[in-house]
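Chemist: The structure is given below, and queries will be raised subsequently.
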Amino acid sequence: MNQLPDENDLRGSSPFKEASMTDPNGSVAGSIPEQFSHALALASAVALVPPQEPGSVVVVPQQQQQVQQQAQQQLMQQHQEANRDQVSQSYDQAQRELMLHSQQQHQQQQQQQQQQQQQQQQQQQHQQAQQQAQQQAQQQQQQQQQVQHHQQQQLAIQAPSQPQQQVPIQPPQHVQPHVGREIQKQARMVGRPQASVRMHTTETETKTACVYCDTQYAKRTSAARWEEHLAYCEKAPTDVNIEFRVKNNLDETPGKRKRGAHRNSEDDGMGGVLALADPVRKKKTHFTSNVKMSRPHESLLPKGWQSKVTDWLKEDAPTFDFGGFVVGTKPEEASLYCKSKGVLAGVPFFDEVFRQCHCLVKWEYTEGDFLDPTEFPHGRFVVAKVRGAARDLLMGERVALNMLARASGIATAARKLSEIKRLHEWKGQVAGTRKTTPGFRLVEKYAMLIGGCDTHRMDLSSMIMLKDNHIWSQGSISQAVKKAKSVGGFAMKIEVECQSVDEAREALNAGADIAMLDNFQPPALTTAAATLKAEYPHRLIEASGGITEQSIANYFCKDVDIISLGSMTQGVAFVDFSLKVRH
Numbered sequence: 001m002n003q004l005p006d007e008n009d010l011r012g013s014s015p016f017k018e019a020s021m022t023d024p025n026g027s028v029a030g031s032i033p034e035q036f037s038h039a040l041a042l043a044s045a046v047a048l049v050p051p052q053e054p055g056s057v058v059v060v061p062q063q064q065q066q067v068q069q070q071a072q073q074q075l076m077q078q079h080q081e082a083n084r085d086q087v088s089q090s091y092d093q094a095q096r097e098l099m100l101h102s103q104q105q106h107q108q109q110q111q112q113q114q115q116q117q118q119q120q121q122q123q124q125q126h127q128q129a130q131q132q133a134q135q136q137a138q139q140q141q142q143q144q145q146q147v148q149h150h151q152q153q154q155l156a157i158q159a160p161s162q163p164q165q166q167v168p169i170q171p172p173q174h175v176q177p178h179v180g181r182e183i184q185k186q187a188r189m190v191g192r193p194q195a196s197v198r199m200h201t202t203e204t205e206t207k208t209a210c211v212y213c214d215t216q217y218a219k220r221t222s223a224a225r226w227e228e229h230l231a232y233c234e235k236a237p238t239d240v241n242i243e244f245r246v247k248n249n250l251d252e253t254p255g256k257r258k259r260g261a262h263r264n265s266e267d268d269g270m271g272g273v274l275a276l277a278d279p280v281r282k283k284k285t286h287f288t289s290n291v292k293m294s295r296p297h298e299s300l301l302p303k304g305w306q307s308k309v310t311d312w313l314k315e316d317a318p319t320f321d322f323g324g325f326v327v328g329t330k331p332e333e334a335s336l337y338c339k340s341k342g343v344l345a346g347v348p349f350f351d352e353v354f355r356q357c358h359c360l361v362k363w364e365y366t367e368g369d370f371l372d373p374t375e376f377p378h379g380r381f382v383v384a385k386v387r388g389a390a391r392d393l394l395m396g397e398r399v400a401l402n403m404l405a406r407a408s409g410i411a412t413a414a415r416k417l418s419e420i421k422r423l424h425e426w427k428g429q430v431a432g433t434r435k436t437t438p439g440f441r442l443v444e445k446y447a448m449l450i451g452g453c454d455t456h457r458m459d460l461s462s463m464i465m466l467k468d469n470h471i472w473s474q475g476s477i478s479q480a481v482k483k484a485k486s487v488g489g490f491a492m493k494i495e496v497e498c499q500s501v502d503e504a505r506e507a508l509n510a511g512a513d514i515a516m517l518d519n520f521q522p523p524a525l526t527t528a529a530a531t532l533k534a535e536y537p538h539r540l541i542e543a544s545g546g547i548t549e550q551s552i553a554n555y556f557c558k559d560v561d562i563i564s565l566g567s568m569t570q571g572v573a574f575v576d577f578s579l580k581v582r583h
């Protein structure tokens, strides 16, 4: 007999147990919990079985099972359709967001492209405007040159038939008239514009002066030197024919030759003298060191300092110059390049090296200028140009470069110390020492001045300095100062090196002019200097020993008058220069 299945039988045999739903592609769409499937099966079974009398037997036909399966399938289909709709909606929403984001990016890219195109158009317009302006300027220059050339041709044609009219050139406004002299200048047009020099004379002397820069030379100055000067003169025209004439405005006997007139000169028919034999010689590029640049410190150099340069050259070439034999005497031009930062110093010595090597130098910068090659594209730039025979250029190259690099390095160190002093508004003096290179002291002391520092004493004859060895040898500071004063007289200052305040008192009481506090630390120096200044207000206090560029600011105090340091000449970095022949 068939009986009604109990709850356990229905739970175990129910097809709804953990029923899973899959979409048509085979992916799992969802699952029906076990409790839900069990309750559904039980309810279906009870609903399909008609009520029976108590004690009767219930028979479940096969149709009831089919109905249950159909209900289950319908429920699963509904669940799958709901999941598919939800997934489809999520996918559509993601697609819409992605499309919106891509549209925004596309719009931003279009805006950026438009901005770039506008900038490029503006740059092109600016470049076109510049090119047009340059073309207009070139056209104007060409027109002016054509007009001048036409005028010159007309004057050249008229020259044989008509006497050439002399065109006076007005001197620059800054030229002051000379007392007792009358300045005259004249230029003659011979196919091209003429440049002239003015010549002024007196009864006792005749001097010549350049029309453009007012440089004066003696009356016997050669035409070749004047030609070089006008070629070098920055204020002179770039392409001219040069003619020099001398005219004396004083009364003199007709036919009498003037003083200083060249024997081969031709009389111009007006009492003047033609100083240049070829009046139509075209101006060429010349170099000269005769017209000196502004170098106020050069007048400090002693007589005979050029002999030091001669010794340098003799040291470098005591016998044969084999390299000079290889290059020969072919005329060459070399450029002096600066390749590191620094202050230019040592120009007079550089010029003298090449003067003794029969070369000419033209400077593009002034001594004391700060050179910075980082401002140029190749990290170097031309400071000067040297012209001469190839063997002469190479003869003086290394001597001149060594000197210039060393002098410029010392001047650079001195300039840095001077700037530190200025920034801290210290009123004292920063000085070098006598710790210099043997045989090179003149150049190194000169470089200190170019850099803006004091040279201290130049040598043992400049000032009497009593150091520890002098004192130990004599026995006491007082005895050493007394003996120094007996020979130094009133004009020679005496400085004593002191290791303590007591030694400084002894030196100043003995008559020393300067007390050097040696190897004092900054706090101790400040205290000692204040004590000594209070007791000896009219004496000088110097600090020295162990002071460097990095620590000098710590030694600045109002009671110290001088700070000296040997690092200004010892261990300084050289400024990098090179001399390259044009090729």
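Position 118 (the sequence shown) corresponds to 118 in the UniProt record's numbering; numbering is contiguous. Ideal Cβ positions, reconstructed from N, Cα and C, are used throughout, including at glycine.
(1) Using 8 Å as the threshold, is the stretch 473–486 in touch with the stretch 376–385, meaning 3 or more CB pairs across them?
(2) Arg-398 and Thr-329: beta carbons closer than 9 Å?
(3) Name the residue from Lys-533, Ala-528, Ala-480 and Gln-521 whose alpha carbon lies nearest to the alpha carbon of Ala-507.
(4) Tell me whether the stretch 569–579 and the stretch 518–532 touch, counting them as touching only if at least three CB pairs, one residue from each stretch, are closer than 8 Å.
(5) Give the single residue among His-538, Ile-547 and Gly-511 whose Cα lies nearest to the Cα of Leu-525.
(6) What does a CB cutoff of less than 8 Å around Gln-95 pick up in its chain, not counting 5 residues either side in sequence?
(7) Classify Pro-302 as buried or exposed, calling it buried when 16 or more other Cβ atoms lie within 10 Å of its own Cβ.
(8) Label Ser-88 either buried or exposed according to how many other C-beta atoms from any shown protein chain fall within 10 Å of its C-beta, with 16 as the threshold for buried.
(9) Ala-491 lies in the alpha helix (DSSP H); which residues open and close that run?
(10) Can you find at least 3 beta carbon pairs, one from the stretch 314–331 and one from the stretch 342–362, that sit closer than 8 Å?
(11) Flag this pair as yes or no: are the beta carbons of Cys-498 and Met-568 separated by less than 9 Å?
(12) Once the 5 residues before and after Ala-447 are set aside, which same chain residues still bring their CB inside 6 Å of it?
(13) Alpha carbon to alpha carbon, how far is Asp-518 from Val-443?
(14) Determine which residues share a DSSP beta bridge with Gly-342 and list them.
(15) Which residues does DSSP pair with Asp-454 in a beta bridge?
(16) If I measure Cβ to Cβ from Leu-404 and keep anything under 7 Å in the same chain, skipping five residues before and after, which residues do I get?
(17) Report the option in Gln-151, Asn-554, Leu-394 and Arg-582 whose CA atom is closest to the CA atom of Lys-421.
(18) Can you tell me the Cα-Cα spacing of Gly-428 and Lys-341, whole angstroms?
(19) Could you check the C-alpha separation between Gln-474 and Ile-514 for me, to the nearest Å?
(20) In terms of residue numbering, what span does the beta strand (DSSP E) encompassing Trp-363 cover?
(21) What is the DSSP secondary structure of Pro-318, counted as helix, strand or coil?
(22) Could you give the DSSP three-state label for Leu-75: helix, strand or coil?
(23) If you follow the alpha helix (DSSP H) that Ser-418 is part of, which residue opens it and which one closes it?
(24) Which residues in the same chain as Ile-477 place their Cβ atom closer than 7 Å to its Cβ, once the five residues preceding and following it in sequence are excluded?
(25) State the CB to CB distance for the pair Ala-317 and Val-386, rounded to an integer number of angstroms; the pair is presumed to be in contact (CB under 8 Å).
(26) Where does Asp-502 fall in DSSP's three states?
(27) Tell me which residues share the same chain as residue 611 and place their Cβ nearer than 8 Å to its Cβ, disregarding the 5 neighbours each side in the sequence.
(28) Put Ile-563 into one of helix, strand or coil per three-state DSSP.
(29) Between the alpha carbons of Phe-370 and His-149, how many angstroms are there, rounded?
(30) Which of helix, strand or coil does DSSP assign to Val-575?
(31) Taking the beta strand (DSSP E) that Leu-540 belongs to, which residues open and close that run?
(32) Spatial neighbours of Lys-416 within its chain, please: CB distance less than 7 Å, with the 5 preceding and 5 following residues excluded, ordered by chain position.
(33) Three-state secondary structure (DSSP) at Pro-331?
(34) Taking the beta strand (DSSP E) that Ile-471 falls in, what are its first and last residues?
(35) Return helix, strand or coil for Ile-477, following the three-state DSSP convention.
(36) If I follow the unbroken alpha helix (DSSP H) through Ala-534, where does it start and stop?
Modeler: The short version:
(1) no
(2) Numbered from 1 along the sequence shown, position 398 holds the residue referred to as residue 398. Numbered from 1 along the sequence shown, position 329 holds the residue referred to as residue 329. Against a cut-off of 9 Å, the Cβ pair of Thr-329 and Arg-398 comes out as no contact.
(3) As a first step, residue 507 is located in the sequence shown; it is residue number 507 there, counting from the start. Measuring from the Cα of Ala-507, the nearest candidate turns out to be Ala-480.
(4) no
(5) For the purposes of this step, residue 525 is identified with residue 525 of the sequence shown, where counting begins at 1. It is Ile-547.
(6) Sequence index remark: in the sequence shown, residue 95 carries index 95 (1-based). Excluding positions up to five away in sequence, the list is empty.
(7) By 1-based counting over the sequence shown, the position of residue 302 is 302. The residue in question, Pro-302, is exposed, as its Cβ has fewer than 16 Cβ neighbours within 10 Å.
(8) Position 88 of the sequence shown, counted from the start, is the residue given in the question as residue 88. When all chains shown are included, Ser-88 counts as exposed.
(9) Locating residue 491 in the sequence shown gives position 491, counting from the first residue. Per DSSP, Ala-491 belongs to no alpha helix (DSSP H) and is neither H nor E.
(10) no
(11) One-based indexing of the sequence shown puts residue 498 at position 498. One-based indexing of the sequence shown puts residue 568 at position 568. In this structure, Met-568 does not lie closer than 9 Å to Cys-498 by Cβ.
(12) Locating residue 447 in the sequence shown gives position 447, where the first residue counts as 1. Within the same chain, Ala-447 has close Cβ partners Ala-345, Ala-407, Ile-410 and Ala-411.
(13) Numbered from 1 along the sequence shown, position 518 holds the residue referred to as residue 518. Numbered from 1 along the sequence shown, position 443 holds the residue referred to as residue 443. Roughly 27 Å between the two C-alpha positions.
(14) As a working mapping, residue 342 is identified with position 342 in the sequence shown. Answer is Leu-371.
(15) Numbered from its first residue, the sequence shown carries residue 454 at position 454. Asp-454 pairs with Ala-431.
(16) Numbered from 1 along the sequence shown, position 404 holds the residue referred to as residue 404. Once the five neighbours on either side are set aside, the close Cβ partners of Leu-404 are Gly-346, Phe-350 and Phe-577.
(17) If you number the sequence shown from 1, residue 421 lands on position 421. The shortest Cα separation from Lys-421 among Gln-151, Asn-554, Leu-394 and Arg-582 belongs to Asn-554.
(18) In the sequence shown, the residue the question calls residue 428 occupies position 428. In the sequence shown, the residue the question calls residue 341 occupies position 341. One C-alpha to the other measures close to 27 Å.
(19) Position 474 of the sequence shown, counting from 1, holds the residue named residue 474. Position 514 of the sequence shown, counting from 1, holds the residue named residue 514. The alpha-carbon atoms of Gln-474 and Ile-514 are separated by roughly 19 Å.
(20) Here residue 363 refers to the residue found at position 363 when the sequence shown is read from its first residue. Unbroken beta strand (DSSP E) run through Trp-363: 360–363.
(21) As a first step, residue 318 is located in the sequence shown; it is residue number 318 there, counting from the start. In this structure, Pro-318 counts as coil in the three-state DSSP scheme.
(22) Along the sequence shown, read from residue 1 onward, the residue named residue 75 stands at position 75. Of the three classes helix, strand and coil, the one that applies to Leu-75 here is helix, per DSSP.
(23) As a working note, residue 418 is residue 418 in the sequence shown. Segment 390–423, the alpha helix (DSSP H) holding Ser-418.
(24) Counting from 1 along the sequence shown, the entry for residue 477 is found at position 477. So the qualifying residues of the chain are Ile-471, Val-496, Glu-503, Glu-506, Ala-507 and Ala-510.
(25) Working through the sequence shown from its first residue, we reach residue 317 at position 317. Working through the sequence shown from its first residue, we reach residue 386 at position 386. With 8 Å as the limit, Ala-317 and Val-386 do not qualify as a contact, their Cβ atoms being about 18 Å apart.
(26) Here the question's residue 502 lines up with position 502 in the sequence shown. It is helical.
(27) Outside the displayed range of the chain (1 to 583) lies residue 611, so it cannot be described from this structure.
(28) One-based indexing of the sequence shown puts residue 563 at position 563. If DSSP states are grouped into helix, strand and coil, Ile-563 belongs with the strands.
(29) One-based indexing of the sequence shown puts residue 370 at position 370. One-based indexing of the sequence shown puts residue 149 at position 149. Going by the C-alpha atoms only, they are around 43 Å apart.
(30) Position 575 of the sequence shown holds residue 575. Coil at Val-575, not helix or strand.
(31) Numbered from 1 along the sequence shown, position 540 holds the residue referred to as residue 540. 540–544 is the span of the beta strand (DSSP E), which, as asked, contains Leu-540.
(32) As a first step, residue 416 is located in the sequence shown; it is residue number 416 there, counting from the start. Answer for Lys-416: Glu-549, listed in chain order.
(33) Taking the sequence shown and counting its residues from 1, one reaches residue 331 at position 331. If DSSP states are grouped into helix, strand and coil, Pro-331 belongs with the strands.
(34) The residue you call residue 471 lines up with position 471 of the sequence shown. That residue, Ile-471, is in no beta strand (DSSP E); its alpha helix (DSSP H) goes 468–474.
(35) Walking along the sequence shown from the start, residue 477 turns up at place 477. The answer is helix: DSSP assigns Ile-477 an H, G or I state.
(36) What you label residue 534 is simply residue 534 of the sequence shown in a count that begins at 1. 522–535 is the extent of the alpha helix (DSSP H) around Ala-534.
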